[in-house]
Each structure stands twice: as C-alpha cells, then as structure tokens.
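With this note's numbering, you'll find the sequence shown wraps up at 230, consecutive numbering, no jumps.
Just so it is clear, CB atoms sit at the ideal spot from N, CA and C, and this is done for glycine as well.
Computed from a predicted structure; not experimentally measured.
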Amino acid sequence: MPHRPKLSLIIFDCDGVLIDSEIISARMLVTELAKLGVAIDLDYVARNFLGRSYPTVMQQIRTEFGLSLPDSFEEDYRESLLAAFRRDLKVVPHVHDVLQSLAVPFCVATSSSPRRAAMSLELVGLSELVGERLFTSTMVARGKPAPDLFLLAAEKMGAAPEETLVIEDSLTGIRAGLAAGMTVWRFVGGSHLGEATPDEPEDARPHRRLVSFDSFFQIAAELHKGAPIP
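Set out below in structure tokens:
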C-alpha cells in the first residue's frame, strides 16, 4: 500500500475477523426464520445482514417480509446462537499470534451485543488479550455503516483517525471505517467469504484485502513488536 500513514492503533471487528462466527450466525438465522415461513439463504444473509446489529436485522425482516415476530423470537434466537457458539465457535487461525505480537495498541469494535461479544472472546481464548478494549454498537447512537463506533474507539484509545487501521470483513464495516477517515483492510479469510469474494462496490472499497492473518506482518512488518525502530 503506497504512502501508508504511520499507524498508532488497530481496530478489529470481531465476528468474521477475530472469530469465525458469521457462518454459524447465518445458518442459525436461516433456520429460525424458516420456522416462521420466511425462506432466505446464506447469500441473502451475507448481502443484507453482514456487519449489522441485531435490531437492524430484525427491523429489515419485519419490513421486507411483513412479519410480526413473536415476542420470544429474539430471546430464543440469541440463546440458540450462543449454544451453537459454545459447540462450534473457533478463533480465526493466526489471530492469537498477531494480537500478541503487535507493536501498537489494538481494540475491538463490534455490532454484536456486549454479552455475545464478551462470551465469544472468552470461548476462543481472546478475553485476556482484549481486556477492557471492547467497544460495541450499544455505546453509540448510530451503528455501522456510520463511523460513530470507530471514532469512539479511536478517541477512547487516544488515536487520531488518520493513524488508525481498521480490519473488517463486511461492506457495512468497511463503509464505517472509510467514513471515519481510517485505513481499512478487508479480511476475507473467514469461512463465510474467501479469496473468490467479489470485488467491493465503489463506496466500500478497502485499501487492501487480507486473506490470512498468517501474512499480516508480511504486509505490515513495522507493526510487529520485533521490528527495528526506524
């Protein structure tokens, strides 16, 4: 990436970036909605819901399908999803090593609920590394694709937006990072995406793609704490 600015903070999205959760969430939503007679597939979920908060997803479902969701739907869905996470959730390969080796501070900014995010990080062994540096959409008035969450995270971490790198998987998150004036890499190594993921639209074009965290420091050697001081 030519003329890359000096970076003083990295903000990681959680679902689909640090944890391989998006395929689990998508399958669960497809299954639960099918019980109510709503037929959607994984591609529909990826195009419409990836990176968005649960309330936003539910509102779109109500509007698009004219569906009046049962009062118990949200609670049932969340509990079923968390049970699936306990069984199947895994950390994205090489993430643990990257987080331990970073020369600059990092934090996590996610559209997930605080409970889900905290439990997810605990299940895959990332809680101690992340610590209190977890920011969720409940902390801001507007979630992604608005820049509010990323700007809040940068402010709390004491970093300027132009010196912040965002690692995202969703178009929604990419748009939020770009709107915040940050450098954005799109991670396509989760099981819900892949190298064959279609090019992003013009308004959600990241500065580069990251296929595997195994190559993170090959791309940005200066971000490794073992790198020589310039």
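Compute every distance between the C-beta of residue i and the non-hydrogen atoms of the ligand NAP, then say whether any falls below 7 Å.
{"i": "Ile-24", "result": "With respect to the ligand NAP, the structure offers nothing, as it holds no ligand at all."}
Between residue i and residue j, what straight-line distance do the alpha-carbon atoms span, to the nearest angstrom?
{"i": "Arg-78", "j": "Gly-66", "result": "22 Å"}
{"i": "Leu-231", "j": "Pro-161", "result": "Nothing in the structure corresponds to residue 231, since the chain is present only between 1 and 230."}
{"i": "Met-182", "j": "Cys-107", "result": "14 Å"}
{"i": "Lys-144", "j": "Ser-137", "result": "8 Å"}
{"i": "Ser-53", "j": "Asp-199", "result": "24 Å"}
{"i": "Leu-223", "j": "Pro-114", "result": "28 Å"}
{"i": "Asn-48", "j": "Ser-127", "result": "29 Å"}
{"i": "Asp-203", "j": "Phe-187", "result": "17 Å"}
{"i": "Pro-105", "j": "Glu-195", "result": "28 Å"}
{"i": "Met-231", "j": "Gly-173", "result": "Nothing about residue 231 can be reported from this structure: the residues present for the chain run from 1 to 230 only."}
{"i": "Leu-36", "j": "Thr-56", "result": "19 Å"}
{"i": "Glu-163", "j": "Pro-70", "result": "45 Å"}
{"i": "Ile-167", "j": "Trp-185", "result": "5 Å"}
{"i": "Arg-234", "j": "Ile-219", "result": "No answer is possible for residue 234: the residues shown for the chain start at 1 and end at 230."}
On the DSSP letters alone, give me the boundaries of the beta strand (DSSP E) that residue i sits inside.
{"i": "Arg-209", "result": "208-210"}
{"i": "Ile-40", "result": "Where Ile-40 is concerned, there is no enclosing beta strand (DSSP E), given that its DSSP letter is neither H nor E."}
{"i": "Phe-49", "result": "Element bounds for Phe-49: n/a, residue is neither H nor E."}
{"i": "Leu-9", "result": "9-12"}
Along the alpha helix (DSSP H) that carries residue i, what are the first and last residues, could you check?
{"i": "Arg-78", "result": "73-88"}
{"i": "Val-57", "result": "54-65"}
{"i": "Glu-32", "result": "22-34"}
{"i": "Phe-219", "result": "A small correction: the amino acid at residue 219 is Ile; Phe does not occupy that position in the sequence shown. It spans 216-219 - the alpha helix (DSSP H) in which Ile-219 sits, taken as one unbroken run."}
Grab me the residues of residue i's own chain with a C-beta within less than 7 Å of its C-beta, minus the 5 sequence neighbours each way, in chain order.
{"i": "Pro-2", "result": "Here the model assigns Pro-2 a pLDDT of 48, short of 50, so the residue's position is not dependable and the matter cannot be decided."}
{"i": "Ala-227", "result": "Ala-103, Ala-221"}
{"i": "Glu-75", "result": "none"}
{"i": "Ala-159", "result": "Ser-8, Leu-9"}
{"i": "Ala-141", "result": "Asp-148"}
{"i": "Val-95", "result": "Leu-18, Phe-213"}
{"i": "His-192", "result": "Gly-16, Glu-22, Ile-23, Ala-26, Ala-46"}
In chain order, what residues of the same chain have a beta carbon less than 6 Å from the beta carbon of residue i, not counting five sequence neighbours either side?
{"i": "Leu-99", "result": "Leu-129"}
{"i": "Pro-147", "result": "Ala-176, Ala-179, Ala-180"}
{"i": "Leu-165", "result": "Leu-7, Ile-10, Thr-183"}
{"i": "Ala-26", "result": "Leu-42, Val-45"}
{"i": "Phe-217", "result": "His-224"}
{"i": "Leu-50", "result": "Ser-170"}
Spatial neighbours of residue i within its chain, please: CB distance less than 8 Å, with the 5 preceding and 5 following residues excluded, ordered by chain position.
{"i": "Asp-41", "result": "Val-30"}
{"i": "Ile-24", "result": "Leu-81, Ala-84, Phe-85, Asp-88, Leu-89"}
{"i": "Gly-190", "result": "Gly-16, Val-17, Asp-20, Glu-22, Ile-23, Val-92, Asp-169"}
{"i": "Met-139", "result": "Leu-149, Leu-152"}
Can you confirm whether residue i, when its beta carbon is compared against all beta carbons of chain C, has any partner nearer than 8 Å?
{"i": "His-207", "result": "Going by chain labels, chain C is absent from the structure shown, which holds only one protein chain."}
Which runs of the beta strand (DSSP E), 3 residues or longer, sit entirely within the region 94-135? Segments of the beta strand (DSSP E) lying fully in the region 94-135: 106-110.
Determine, using beta-carbon pairs with one atom in the region 84-93 and one in the region 107-126, whether at least three such pairs fall under 8 Å. Yes: at least three Cβ pairs fall under 8 Å.
Segment contact, 8 Å Cβ cut-off, at least three pairs: the region 30-39 with the region 125-141: Contact between the region 30-39 and the region 125-141 is absent, because fewer than three Cβ pairs lie under 8 Å.
Contiguous alpha helix (DSSP H) assignments of at least 4 residues, all confined to the region 141-213: Taking 4 residues as the shortest admissible run, the region 141-213 contains the following complete alpha helix (DSSP H) segments, listed from N- to C-terminal end: 148-157, 171-179.
Is the region 40-59 in contact with the region 198-216, if contact means three or more CB pairs nearer than 8 Å? Contact check between the region 40-59 and the region 198-216: fewer than three CB pairs, one atom from each, fall below 8 Å, which does not count as touching.
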